[in-house]
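> Heads up: the sequence lines are chains A and B, in that order. Sequential numbering from 5 applies to the first sequence in our numbering. Sequential numbering from 5 applies to the second sequence in our numbering. There's a structure below that I have some questions on.
Number of protein chains: 2
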Amino acid sequence: CCFANIINIISFLREKKNRHDIRKVIHSIKVGIALVLVSLLYLLNPLYNQVGDNAMWAIMTVVVIFEFFAGATLSKGLNRGIGTVLGGGLGCLAAAFAQAVGGIGRAIIVGISVFIFGASATYTRQVPNIKKKYDYAATIFILTFNLVVVSGLRAEEVLVLARSRLSTIVMGFAICIFISLLVFPIWASDELHDSFVSRFQDLAHSLEGFSKEYFADVTEKEKKSSANYFNSCKSILQSKPKDESLVLFARWEPWHGKFGFSYPWRKYLQIGEELRDLATIILSLKGCLKSPTQSSEALGQSIKEPCEEIVSSLAWALRELGESIKTMRNCRSEDAIVPKLKSVRLELSLIMTPSILGTNLEKADGLGLAS
Amino acid sequence: CCFANIINIISFLREKKNRHDIRKVIHSIKVGIALVLVSLLYLLNPLYNQVGDNAMWAIMTVVVIFEFFAGATLSKGLNRGIGTVLGGGLGCLAAAFAQAVGGIGRAIIVGISVFIFGASATYTRQVPNIKKKYDYAATIFILTFNLVVVSGLRAEEVLVLARSRLSTIVMGFAICIFISLLVFPIWASDELHDSFVSRFQDLAHSLEGFSKEYFADVTEKEKKSSANYFNSCKSILQSKPKDESLVLFARWEPWHGKFGFSYPWRKYLQIGEELRDLATIILSLKGCLKSPTQSSEALGQSIKEPCEEIVSSLAWALRELGESIKTMRNCRSEDAIVPKLKSVRLELSLIMTPSILGTNLEKADGLGLAS
């Protein structure tokens, strides 16, 4: 039975890996197609006659903003748009002002404005909240402002130049959005959702892996796989930045699949926090395995059965919660999970009284309830 | 005394924050100066006559590669260099090949090569190891290859174009490196080193904060600051990606200050791993504070004194280790820390035998020794 379980897990992981690989291949092909489409601006004479060398900006836009997730592409594209428009507008103003002054003062004003806007935008980029959401917009702002204001010295018609560049950037953006959102879209929202479902399962697995190893009815091979479970706890602990960026992207993504318009993405961050707390506790159990003052053989046997029962209840509750997120149904919590956890808690306090078992399992229970 | 302590902590934090803010201001000013310098390519007639509109590429280079840390600027600049040279070289080859075929086949070959190179470079970007180190090089490779191969259709002298662009990129790179490394450099290595020193102190603080709160000789105000200590544990848990990128940058940085050429940066990653394990354990102690089955008042008082002594020994050991990293001297471990920790362990096993204290502190001790 255990052997069959391991095979199941392996095939599950392989399937997951394959799905991941296929998404990578799809993404690569999509980027290739977008590049070919945008190159048509050069390849087809009628198009090239329209846009000229500004086609370069369309290519640059595609290369830089086409990201793996549809939401990321959208957010980066909009960032680029904001940065270009703001930088271009202010750049035109500064260039016009410099032109009005004229003479040697012109170059001086350009230099000073480059310094002031460059330095202050760079400072803004380092404010954590702006860095998270608008870092790219600030970069593009500096770049566009600089290019526009200095070419204002050379090209007489800054506005024409700016307009034609902006229009090619919009073309590149349109190609990206079209391909990213309509051709086999890869949604950040799906990724976020699925990763939460598998996190619940991973936590349940690692709880079970721990109890098996603690009560020593475990083969060498299984020991290795339980070490893997602890690793999955560790990766859950480090999931915060990934979650935050996925939530950011998911909020940009239009209505699709099972996710409605005002889907509560922020709740994922809260659940993620609880899961990380739980993972901390499970990881700290690992210390019990190494501890030299581990409970004696006889005592271990006496608490073995109730402990295993408790672990299996907790794992079951975690799996139920994960399942309810997966199917997006209300959890059967009122009817089944809460009473079961309460009985677990009772059972625990019965074991605790006469034994020297640590307070670890109790804590795990408390958090299981809390999440 | 406690009040004075808090004031000390606040002033320490303010000082730290100020230092951080000053670095941000310095960085912003440096970027401003670099932008003005690179704008001189447009502003001064003799320079502009040399480089022409390709000066644009120098500006772009400065905006994009000037990063906060000197090592990051260096690594991004070299990435850009690698990507430009590879992409430009292959692009020229493909353009020459397309030219040799001629006719309508030319456009087809260009289209196919754009697709193949674009898609395969995008796939490579998603290999974790390459993503970590060469993501930017791959982006620039795609961009340069694409631009060179499509302009090969229009501009007859691709090689001249490529050479002049490359030379302006090198100019931008030179300005960045000069300002980033020579004018008030901000080293990633210093940041990494200092963050490790303060991590040891944070862990010691949070251990002490926990023991104070557990034995209830704590005011409301202090309770808040101990919550802060737990938060610092949490931020240590999430330090892995930051450490990895800092180590990557630090390895690029030339010999400076106290760090020699073959400084063992990788060891920081190992120490970081140990510190995260320790932070996990300290964080899991938090559960004891909330647990309803907390040890009874009388028992709590009976173990209070030895426990506090143990915690202060552990905190002392952590501070010693942090201090030895800070001063870069061999730790007094053989003479002082190890015997002290051994006596702590002995003391612990004395307390453990008759009591129902959990195995948590024991574990903390084990890891204190391990790190």
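Ideal Cβ placement from N, Cα and C applies to all residues, glycine included.
Could you tell me which chain A residues have their CB closer than 9 Å to the CB of Ala99(B), listed as they occur along the chain?
As a position in the second sequence, residue 99(B) is number 95, starting the count at 1. Under the 9 Å cutoff, chain A gives no residues; its nearest Cβ is about 12 Å from Ala99(B).
> Return the Cβ separation of Lys28(B) and Tyr127(A) in integer angstroms, given the expectation that the two are a contact with Cβ distance under 8 Å.
By 1-based counting over the second sequence, the position of residue 28(B) is 24. By 1-based counting over the first sequence, the position of residue 127(A) is 123. About 6 Å; that satisfies the 8 Å criterion.
> Give a yes or no on whether 9 Å exceeds the smallest Cβ distance from Ser245(A) to chain B.
Within the first sequence, the letter at position 241 stands for residue 245(A). Note that residue 245(A) is Pro in the sequence shown here, rather than Ser. At least one chain B Cβ lies under 9 Å of Pro245(A).
> Taking Cβ to Cβ, would you say Cys96(A) is nearer than 9 Å to Val40(A)?
Counting from 1 along the first sequence, the entry for residue 96(A) is found at position 92. Counting from 1 along the first sequence, the entry for residue 40(A) is found at position 36. Contact flag unset, no.
> Please name the residue or residues paired with Phe263(A) in a DSSP beta bridge.
The sequence position of residue 263(A) within the first sequence is 259, counting from 1. Phe263(A) is bridged to His260(A).
> What in chain A is Cβ-close to Val68(B), meaning under 9 Å?
What you label residue 68(B) is simply residue 64 of the second sequence in a count that begins at 1. Residues of chain A passing the Cβ test: Thr143, Leu147.
> For Arg110(B) and Gln103(B), I'd like the C-alpha separation in whole angstroms.
Along the second sequence, one-based indexing puts residue 110(B) at 106. Along the second sequence, one-based indexing puts residue 103(B) at 99. Cα to Cα, Arg110(B) sits roughly 6 Å from Gln103(B).
> Does DSSP put Val201(B) in a helix, in a strand, or in coil?
Translated into the one-based positions of the second sequence, residue 201(B) becomes position 197. DSSP places Val201(B) in helix when its eight states are reduced to three.
> Distance cutoff 9 Å, beta carbons only. Does Gln103(A) sit that close to anything in chain B?
Along the first sequence, one-based indexing puts residue 103(A) at 99. No, its Cβ sits nowhere closer than 9 Å to a Cβ of chain B.
> Kindly indicate if chain B contains any beta-carbon less than 9 Å away from that of Thr297(A).
Residue 297(A) sits at position 293 when you count from the first residue of the first sequence. Low local confidence applies: a pLDDT of 49 at Thr297(A) is under 50, so the model's placement there is unreliable, with the coordinate-based value given in what follows. Closer than 9 Å: yes.
> Taking Val66(A) as the reference, give the member of Tyr138(A), Val174(A), His209(A), Gly213(A) with the closest Cα.
As a first step, residue 66(A) is located in the first sequence; it is residue number 62 there, counting from the start. Out of Tyr138(A), Val174(A), His209(A), Gly213(A), Val174(A) has the C-alpha closest to the C-alpha of Val66(A).
> Name, going along the chain, the residues of the stretch 203-223 of chain B whose beta-carbon falls closer than 7 Å to a beta-carbon of chain A.
Answer set for the stretch 203-223 of chain B: empty.
> By a C-beta neighbour count over all protein chains shown, 10 Å radius and 16 as the cutoff for buried, is Val154(B) buried or exposed?
Taking the first residue of the second sequence as 1, we reach residue 154(B) at position 150. Buried, because 16 or more other Cβ atoms sit within 10 Å of the Cβ of Val154(B).
> Counting C-beta neighbours from all protein chains within 10 Å, is the total for Glu217(A) 16 or more, i.e. buried, or is it exposed?
Against the first sequence, residue 217(A) aligns to sequence position 213. Buried.
> For Lys136(B) and chain A, any beta-carbon pair shorter than 9 Å?
Working through the second sequence from its first residue, we reach residue 136(B) at position 132. No, no contact with chain A.
> At a Cβ threshold of 9 Å, is Asn150(A) touching chain B?
Along the first sequence, read from residue 1 onward, the residue named residue 150(A) stands at position 146. Answer yes: the Cβ-Cβ gap between Asn150(A) and chain B drops below 9 Å somewhere.
> Chain A beta carbons: is any one of them nearer than 9 Å to that of Gln242(B)?
Sequence index remark: in the second sequence, residue 242(B) carries index 238 (1-based). At least one chain A Cβ lies under 9 Å of Gln242(B).
> Spatial neighbours of Gly115(B) within its chain, please: CB distance less than 7 Å, with the 5 preceding and 5 following residues excluded, ordered by chain position.
Residue numbering aside, residue 115(B) sits at position 111 when the second sequence is read from its first letter. For Gly115(B), where only same-chain residues beyond five positions count, there are no Cβ hits under 7 Å.
> In whole angstroms, what is the alpha-carbon distance linking Asn58(B) and Val187(A)?
Residue numbering aside, residue 58(B) sits at position 54 when the second sequence is read from its first letter. Residue numbering aside, residue 187(A) sits at position 183 when the first sequence is read from its first letter. C-alpha separation (whole angstroms): 36 Å.
> Classify Gly56(B): buried if its beta carbon has 16 or more other beta carbons within 10 angstroms, exposed otherwise.
Within the second sequence, residue 56(B) is the residue found at index 52, counting from 1. Result: exposed.
> With contact counted as at least three CB pairs below 8 Å, one residue from each stretch, are the stretch 306-316 of chain B and the stretch 305-316 of chain A in contact?
No, the stretch 306-316 of chain B does not touch the stretch 305-316 of chain A.
> Using beta-carbon positions only, say whether Leu402(A) and Gly91(A) come within less than 9 Å of one another.
Since the first residue shown for chain A is 5 and the last is 375, residue 402(A) is missing from the structure and cannot be characterised.
> Within the continuous alpha helix (DSSP H) that includes Cys335(B), where are the two ends?
By 1-based counting over the second sequence, the position of residue 335(B) is 331. Unbroken run through Cys335(B): none, as it is neither H nor E.
> How about Ala166(B) and Val152(B): do their beta carbons lie closer than 9 Å?
Stepping through the second sequence from its first residue, residue 166(B) is reached at position 162. Stepping through the second sequence from its first residue, residue 152(B) is reached at position 148. Contact flag set, yes.
> My guess is that Leu241(A) and Leu322(A) are in contact by the Cβ rule of under 8 Å, so how many angstroms apart are they, rounded?
Taking the first residue of the first sequence as 1, we reach residue 241(A) at position 237. Taking the first residue of the first sequence as 1, we reach residue 322(A) at position 318. Actually they are not in contact, since the Cβ atoms of Leu241(A) and Leu322(A) sit about 16 Å apart, beyond 8 Å.
> Is the Cβ of Ala123(B) closer than 9 Å to any Cβ of chain A?
On the second sequence, residue 123(B) is found 119 positions in, with the first residue counted as 1. It does; some Cβ of chain A falls within 9 Å.
> Applying the criterion that 16 or more other CB atoms from any shown protein chain within 10 Å of the CB defines a buried residue, is Asn150(A) buried or exposed?
Locating residue 150(A) in the first sequence gives position 146, counting from the first residue. Under this definition Asn150(A) is a buried residue.
> May I ask you to report which of helix, strand or coil DSSP gives Phe72(B)?
Counting from 1 along the second sequence, the entry for residue 72(B) is found at position 68. It is coil, neither helix nor strand.
> In or out: Glu278(B) buried (at least 16 other Cβ within 10 Å) or exposed?
On the second sequence, position 274 is the one that residue 278(B) refers to. The residue is exposed, with fewer than 16 neighbouring Cβ atoms inside 10 Å.
> Just to confirm before moving on: does the CB-CB distance between Gly122(A) and Val89(B) stay below 9 Å?
Looking up residue 122(A) in the first sequence gives position 118. Looking up residue 89(B) in the second sequence gives position 85. No, Cβ-Cβ distance for Gly122(A) and Val89(B) is not below 9 Å.
> Quick one: does Val407(A) have its CB under 9 Å from some CB of chain B?
This structure cannot settle anything about residue 407(A), because the visible part of chain A is limited to 5 through 375.
> Please report the distance separating the alpha-carbon of Ile179(B) from that of Tyr52(B).
The residue you call residue 179(B) lines up with position 175 of the second sequence. The residue you call residue 52(B) lines up with position 48 of the second sequence. Rounded to whole angstroms, Ile179(B) to Tyr52(B) spans 17 Å at the Cα level.
> Ala192(A) and Ala76(A) - do their beta-carbons sit closer together than 9 Å?
By one-based count along the first sequence, residue 76(A) stands at place 72. By one-based count along the first sequence, residue 192(A) stands at place 188. In this structure, Ala192(A) lies closer than 9 Å to Ala76(A) by Cβ.
> Could you check the C-alpha separation between Leu289(B) and Asn83(B) for me, to the nearest Å?
Here residue 289(B) corresponds to residue number 285 of the second sequence, with the count starting at 1. Here residue 83(B) corresponds to residue number 79 of the second sequence, with the count starting at 1. Looking at the two C-alpha atoms, the distance is approximately 45 Å.
> Tell me whether Leu350(A) is buried or exposed, calling it buried when 16 or more other Cβ atoms sit within 10 Å of its Cβ.
For the purposes of this step, residue 350(A) is taken as residue 346 along the first sequence, with counting starting at 1. Exposed.
> Please determine, among Ile108(B), Ile285(B), Ile144(B), Lys136(B), the residue with the shortest C-alpha to C-alpha distance to Ala125(B).
The residue given as residue 125(B) occupies position 121 in the second sequence. Measuring from the Cα of Ala125(B), the nearest candidate turns out to be Ile144(B).
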